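One point on numbering: in UniProt numbering, the residue at position 433 of the sequence shown is 433, and numbering is uninterrupted. For glycine and all other residues, C-beta sits at the position ideal for the given N, C-alpha and C. All values derive from a computational prediction rather than experimental measurement.
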Amino acid sequence: MGEGGRRPDPSPPVAAAAPAARSPVEEPASPAGPEPVAPAAPAVPAGPSNQPAPATRRPEAASSSQVPGVPQLLSRPAEPGRTDARPRAQTRLPEPQRGEPRPRSAGPERVEGRYRGGAPARPNGAEAAGPGRPGNGWQRGTAAGHRPGVVARWEAREGGFQVPAAMPAEPAASGERPGLYPAAHPVAEGVQPGAGGPGQGTYGAVAEPGVDTVLPGAPGAPAAGPGGAGSAGGEAASRGGRPQGPGRVRQGNGGRPDIREMEQMPLKELYALARQLEIPYYSSMRKQELIFEIAKARTEKDGLLWAEGLLDIMPEGFGFLRPVNYLPSKEDIYVSPSQIRRFDLRPGDMVSGQARPPKDNERYFALLRVEAVNGVDAELARDRLHFEGLTPIFPNERLTLETPNGSIAQRLIDLVAPIGKGQRGLIVAPPKAGKTILLKQIANGIAFNYPDVALMVVLIDERPEEVTDMERSVRGEVLSSTFDQTPENHVKLADMVLERAKRLVEHGRDVVILLDSLTRLTRAHNLVTPPSGRTLSGGLDPAAFYKPKRFFGAARNIEEGGSLTIIATALIDTGSKMDDVIYEEFKGTGNMELHLDRRLAERRIFPAIDIKRSGTRREELLLSKDEQEIMWALRRSMGDRDPADILEKLIERMRKTRSNAEFIAQIKEHRS
């Protein structure tokens, strides 16, 4: 020490070519070796009476500016009565020579009782704690046992060191003062806080050019953080970084299997796919199980599954895509609540997108990204109106059922009870009157003349063979819940069909639903509805009518565009009082009724349509002037005559013509 207790300034650094003139502050030869201690400056215990030591500087590669936070840590005012003491902030170490950056040491380097360089190593518990002291305190509440690397990221983010709450009272047994900060991993030069290096994030997700990317919000994708695209920081996602979870998607749409497409394939083709994908025991699986295994195997081999299904939203907020008959199944695809809120998805939306296979503890596929909603872009689907806010009007556009070489039933319905877009029609039929055949002919006429109309045939509580026959003869979507299934299935299918139709109408589409039958749907609701304490004649609960009326009442023509047409059947003369009560409840709700007569069917007169009791409200909006005059004249001429004789003569005259236009022209010519 110099005169008056003042330490001499440290000598300037010496070039690496002259090792003999080694400075007391020179870095050790090995970064991992023990730190040399200057003999002229032994360790001085911390205390208020200690004289300040020369300030040290954090080495930098190309900058001589002091590290932020060091002057605030080491600067102290001169003690009273001492005139030779200078503030610590004015004491500077000589600049290191350019081109020779000092290597970073693994531990702290002591310079005259102080530490310099990178953040010193965190002391152990026994080393940090002095007599009667639990250890070093931290102003920000940093725990002494936290994992290494946390403070390094904090220092890079905050731009400075933390100031300890207190210094240890006594030096450690090794003669060195415990470090003030935990060990820090070296921070790369030029890396911004929270940003990954070139193609690398904080968690080491190294990018590979041309490799699949991670989707924001996908399961397994990093959450958003301060560094940019997710907590991985930087631009790892935009540069093609490989995610560490299942959120990988293959660019393009090629190679994605489609569950709905495989549903239409015969078992022979599915077996061929199973052999190609080496699926064991495929011959013992049912068709639905085999489709699930094929989809899973192709997903693992070719990329993500291209999933499509009808959205069913649960009360908890999440949803499922129903790819099989609109009903719950093993092939359902999970949709997260965030995706439902982001795209304003609603029950009944046909959602298409990319999905991933289930993990070990999951049961369902999970939707990663929504690509399309009801056949349009997902972003465009957010601007649609709600069905309840659309304006209903009377049907004013006709749905012509007549086809070339078609049946007489189609032509007769066009004249007696015409159907318009948005019609709410009821076919009242006793057993064995031909209502199923009539529904089939109506469906074929609409599918032939209006291919752009969305046609759905819904069979509730029907026989399985009727379902097969309808699927083979109708060019439309046939949805069924047969009589051997539970009433809950009947109700769920009807609800999903209605929601699906509403979503299509919101997009301006024309939808036609043919329901067989409304009576059996009401019976199913009577079984699943909680009892209200009141009972109508026949054992019906009044609360059981709410949802069937909601279904039937949804039919309407929309002024803003689009329409929903529902033609439902109602059973009468079945011997059940309940069926008669159900018909009476729905009798005045429709705007078109078509009555079938059992006596005509017993005489083998088909179609067995009762012309007197059948008709359409506001039919003048649908019929031409000539058709209206002919039909009014026919009804006036019927009087008290037998309906069977009138129908038989009318059918005979219609068979002599090839179309309704020719039939009307022939009658006009005969009258004139």
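Residue nearest to residue i in terms of C-alpha spacing, selected from the options
{"i": "Pro266", "options": "Gln288, Ile333 and Gln276", "result": "Gln288"}
{"i": "Arg475", "options": "Met638, Ala501 and Ile446", "result": "Ile446"}
{"i": "Asn660", "options": "Leu514, Ile413 and Asp452", "result": "Ile413"}
{"i": "Asp383", "options": "Glu477, Arg346 and Gly575", "result": "Arg346"}
{"i": "Pro548", "options": "Gly533, Ala570 and Arg534", "result": "Ala570"}
{"i": "Val596", "options": "Ile572, Thr589 and Gly590", "result": "Per the sequence presented here, residue 596 reads as Leu, with Val not at that position. The shortest C-alpha separation from Leu596 is found at Ile572."}
{"i": "Ile609", "options": "Ala454, Asp580 and Leu415", "result": "Leu415"}
{"i": "Lys359", "options": "Met350, Ala543 and Ile333", "result": "Ile333"}
{"i": "Gly588", "options": "Leu426, Arg671 and Arg534", "result": "Leu426"}
{"i": "Ala433", "options": "Leu540, Ala665, Ala555 and Arg603", "result": "Arg603"}
{"i": "Pro530", "options": "Arg520, Ala544 and Ser537", "result": "Ala544"}
{"i": "Ile291", "options": "Ala501, Ile513, Phe448 and Gln264", "result": "Gln264"}
{"i": "Gln485", "options": "Asp510, Glu462 and Ala554", "result": "Glu462"}
{"i": "Val370", "options": "Arg520, Leu385, Ser336 and Phe387", "result": "Ser336"}
{"i": "Leu536", "options": "Arg598, Ile630, Ala501 and Ile582", "result": "Ile582"}
{"i": "Thr391", "options": "Glu620, Lys577, Gly317 and Ala555", "result": "Ala555"}
{"i": "Ala601", "options": "Phe365, Asn405 and Pro431", "result": "Pro431"}
{"i": "Asn405", "options": "Leu385, Arg363 and Phe448", "result": "Phe448"}
{"i": "Met578", "options": "Lys612, Thr657 and Asp541", "result": "Asp541"}
{"i": "Ala553", "options": "Gly539, Gln628, Asp626 and Leu498", "result": "Residue 553 is actually Gly in this sequence, not Ala. Ranking the options by Cα distance to Gly553, first place goes to Leu498."}
{"i": "Gly538", "options": "Gly575, Phe551 and Ser563", "result": "Gly575"}
{"i": "Val373", "options": "Arg342, Glu619 and Arg363", "result": "Arg342"}
Buried or exposed (CB count within 10 angstroms, at least 16 for buried), residue i
{"i": "Ser624", "result": "exposed"}
{"i": "Leu380", "result": "exposed"}
{"i": "Glu112", "result": "Legend: pLDDT at Glu112 = 44, less than 50; position of this residue unreliable, value from coordinates given subsequently. Answer is buried; the Cβ neighbour count reaches 16."}
{"i": "Ala166", "result": "Interpretation of Ala166 is limited by its pLDDT of 43, a score under 50 that renders its predicted location unreliable; the figure taken from the coordinates is listed afterwards. Ala166 is exposed by the Cβ-count criterion."}
{"i": "Glu585", "result": "buried"}
{"i": "Val376", "result": "exposed"}
{"i": "Asp344", "result": "exposed"}
{"i": "Arg6", "result": "In this prediction, Arg6 has a pLDDT of 49, which is less than 50 and means its spatial position is unreliable; nothing more can be read from the coordinates."}
{"i": "Met314", "result": "exposed"}
{"i": "Gly533", "result": "exposed"}
{"i": "Glu465", "result": "exposed"}
{"i": "Gly319", "result": "buried"}
{"i": "Asn361", "result": "exposed"}
{"i": "residue 673", "result": "Lying outside 1 to 672, the shown extent of the chain, residue 673 is not represented and no answer is given."}
{"i": "Ala429", "result": "buried"}
{"i": "Phe663", "result": "buried"}
{"i": "Ser480", "result": "buried"}
{"i": "Tyr282", "result": "buried"}
{"i": "Asp452", "result": "exposed"}
{"i": "Ser672", "result": "exposed"}
{"i": "His670", "result": "exposed"}
{"i": "Lys301", "result": "exposed"}
{"i": "Phe387", "result": "buried"}
{"i": "Phe365", "result": "buried"}
{"i": "Arg500", "result": "buried"}
Whole-angstrom C-beta distance between residue j and residue i, which should lie under 8 Å
{"i": "Gly422", "j": "Asn557", "result": "3 Å"}
{"i": "Val528", "j": "Pro487", "result": "5 Å"}
{"i": "Gly561", "j": "Gly639", "result": "About 44 Å; that fails the 8 Å criterion."}
{"i": "Leu305", "j": "Gln339", "result": "About 16 Å; that fails the 8 Å criterion."}
{"i": "Met592", "j": "Arg411", "result": "Not really, about 17 Å apart at Cβ, beyond 8 Å."}
{"i": "Leu518", "j": "Ala568", "result": "4 Å"}
{"i": "Ile566", "j": "Leu622", "result": "At roughly 17 Å, the Cβ-Cβ gap does not stay under 8 Å, so Ile566 and Leu622 are not in contact."}
{"i": "Ala378", "j": "Gly615", "result": "That pair is no contact at about 45 Å."}
{"i": "Ile294", "j": "Leu321", "result": "The pair is not a contact, with the Cβ atoms about 18 Å apart (cut-off 8 Å)."}
{"i": "Arg520", "j": "Ile460", "result": "5 Å"}
{"i": "Val512", "j": "Leu594", "result": "Not confirmed; about 15 Å, so no contact."}
{"i": "Ile408", "j": "Arg655", "result": "7 Å"}
4-residue-minimum alpha helix (DSSP H) runs that sit fully inside the stretch 422–486, ordered along the chain: The stretch 422–486 contains these whole alpha helix (DSSP H) runs: 435–449 and 464–473.
Uninterrupted alpha helix (DSSP H) stretches inside the UniProt domain "Rho RNA-BD" (304–377) (no shorter than 4 residues): Fully contained in the UniProt domain "Rho RNA-BD" (304–377) are the following alpha helix (DSSP H) runs of length 4 or more, in chain order: 337–342.
The stretch 345–364 touching the stretch 462–473, judged by at least three CB pairs closer than 8 Å: The count of Cβ pairs closer than 8 Å, one atom from the stretch 345–364 and one from the stretch 462–473, stays below three, leaving the stretches out of contact.
Runs of beta strand (DSSP E) wholly within the stretch 539–581 (minimum 3 residues, chain order): Every beta strand (DSSP E) of 3 residues or more that sits fully in the stretch 539–581 is shown, in chain order, as 556–558 and 563–571.
Stretch pair the stretch 644–654 + the stretch 391–407: three plus CB contacts closer than 8 Å: Too few Cβ pairs lie closer than 8 Å, so no.
Beta strand (DSSP E) runs wholly inside the stretch 510–538, at least 3 long, in chain order: Correct list: 510–516.
Three CB pairs or more closer than 8 Å across the stretch 382–396 and the stretch 523–539: In short, these stretches do not touch, since the Cβ pair count stays below three.
Segment contact, 8 Å Cβ cut-off, at least three pairs: the stretch 620–635 with the stretch 425–443: Not touching, per the Cβ criterion.
Contact between the stretch 275–284 and the stretch 304–321 (3+ Cβ pairs under 8 Å): Flag = no, the stretch 275–284 and the stretch 304–321 do not touch.
Touching by the beta-carbon criterion (3+ pairs, under 8 Å), the stretch 316–336 and the stretch 484–503: Contact holds: three or more Cβ-Cβ distances are below 8 Å.
Unbroken stretches of the alpha helix (DSSP H), 4 residues or longer, contained in the stretch 589–656: Here the runs fully enclosed are 598–602, 625–638 and 643–655.
The stretch 597–607 / the stretch 647–659 touching (three or more Cβ pairs under 8 Å): In short, these stretches touch, since the Cβ pair count reaches three.
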